[in-house]
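**Student:**
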Amino acid sequence: MRRPFIAGNWKMNLTKAEAIALAQAVAAKVGAGHAVEIAVCPPAVHLDAVAAVLKGTGVGIGAQNVYFQPNGAFTGELSVAMLVDLGVQYVILGHSERRRIMGETNEHVNAKLHAVLAGGLTPIVCVGETLDERTANKTEDIVQEQLAGSLAGITAEQAGRVVIAYEPVWAIGTGQVATKEQAEEVHAAARKMLAARFGETTAASIRIQYGGSVKPDNAADLLAQPNIDGALVGGASLKADSFLGIVAGVKL
Ligand code: PEP
420 MRRPFIAGNW
430 KMNLTKAEAI
440 ALAQAVAAKV
450 GAGHAVEIAV
460 CPPAVHLDAV
470 AAVLKGTGVG
480 IGAQNVYFQP
490 NGAFTGELSV
500 AMLVDLGVQY
510 VILGHSERRR
520 IMGETNEHVN
530 AKLHAVLAGG
540 LTPIVCVGET
550 LDERTANKTE
560 DIVQEQLAGS
570 LAGITAEQAG
580 RVVIAYEPVW
590 AIGTGQVATK
600 EQAEEVHAAA
610 RKMLAARFGE
620 TTAASIRIQY
630 GGSVKPDNAA
640 DLLAQPNIDG
650 ALVGGASLKA
660 DSFLGIVAGV
670 KL
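For any residue, its number in the working numbering is found by taking its place in the sequence shown, counting from 1, and adding 419.
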């Protein structure tokens, strides 16, 4: 069985005090031993403070990005070892904002993925099509290309430790959520692609989150789909009640 996994991507939001308060509120309401895996991904400058708040709680912590080199002259970047040192457990890779605004390619994502897996962290690899690509009927081609490129060179054992987030770019931060049918169709197709590459057993164990304007009022429908194993949540993760309202949408 795939354990449902809900992660909050706080993006470039919140002061340190706000981040601490939000982490405290989420942890207090979740309690320990929740059946759903839950994590928050604060801005890098707040990772240390938020990790301290979440230590020993049922809420994990993730980074929004990392660099693939272990150390050296890479101004402004952070290594996997630095994240491990802070108690980070997850890393979001290839978010569409990084692909689109920062010019990240599948090759970059792949180099980072290898570093993250080698460092023992759990990667959340984001894929998804733009509106133009969907309109041109290219959704599955794009997801295939991003999965193939981003996951290049990893073993089936490593693939079993990867979380995929299907995030249609047109649904991110727009309030325009994919219907449960649209999302399930792509999730099922993505799982087939993973099966072709890593085998049925591994593909059946990989969590595929949906991301794109998930809110408490649409979460339950999406999360009830057979191939949707959780959510990567942006805007609605910035308030404890709405984030936990999404967690409550998981049917256990
Ligand atoms: C995201 O950025 O990963 C995301 C899904 O954002 P939102 O929930 O705000 O659409």
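Positions of the beta carbon are idealized from the N, C-alpha and C atoms, including for glycine.
Would you give the residue range spanned by the alpha helix (DSSP H) that L505 belongs to?
**Tutor:** Element bounds for L505: V499 to L505.
**Student:** Which residues does DSSP list as the beta-bridge partners of A672?
**Tutor:** Nothing about residue 672 can be read from this structure; the chain reaches only from 420 to 671.
**Student:** What do you reckon, are the CB atoms on V666 and V455 nearer than 9 Å?
**Tutor:** Result yes, Cβ atoms of V666 and V455 sit closer than 9 Å.
**Student:** With H, G and I counted as helix, E and B as strand and the rest as coil, what does DSSP make of V544?
**Tutor:** It is a strand residue.
**Student:** Compare the Cα-Cα distances from G653 to each of A643, E600, G594 and I627 and report the closest residue.
**Tutor:** Minimum Cα distance to G653 is reached at G594.
**Student:** Need the endpoints of the beta strand (DSSP E) that Q628 sits in, please.
**Tutor:** Segment I627 to G630, the beta strand (DSSP E) holding Q628.
**Student:** Verify the contact flag: A638, CB atom, against every heavy atom of the ligand PEP, threshold strictly below 8 Å.
**Tutor:** Not so, every heavy atom of the ligand PEP lies at least 8 Å from the Cβ.
**Student:** Given a cut-off of 9 Å on the beta-carbon distance, is the pair R421 and S661 in contact?
**Tutor:** The answer is no: Cβ separation not under 9 Å.
**Student:** Hey, T541 and V582 are a contact pair by Cβ (cut 8 Å); roughly how many whole angstroms apart?
**Tutor:** Indeed they touch by this definition, with Cβ atoms about 6 Å apart.
**Student:** Could you check where the beta strand (DSSP E) with I425 kicks off and where it finishes?
**Tutor:** That run of the beta strand (DSSP E) goes F424 to N428.
**Student:** May I have the straight-line CA-CA distance separating T574 from F617, to the nearest angstrom?
**Tutor:** If I take the Cα positions, the gap works out to 8 Å.
**Student:** Who are the near neighbours of T476 in its chain, counting only those whose CB is closer than 6 Å to its CB and skipping five residues on each side?
**Tutor:** If we look at T476 and ignore the five residues flanking it on each side, its Cβ neighbours are A446.
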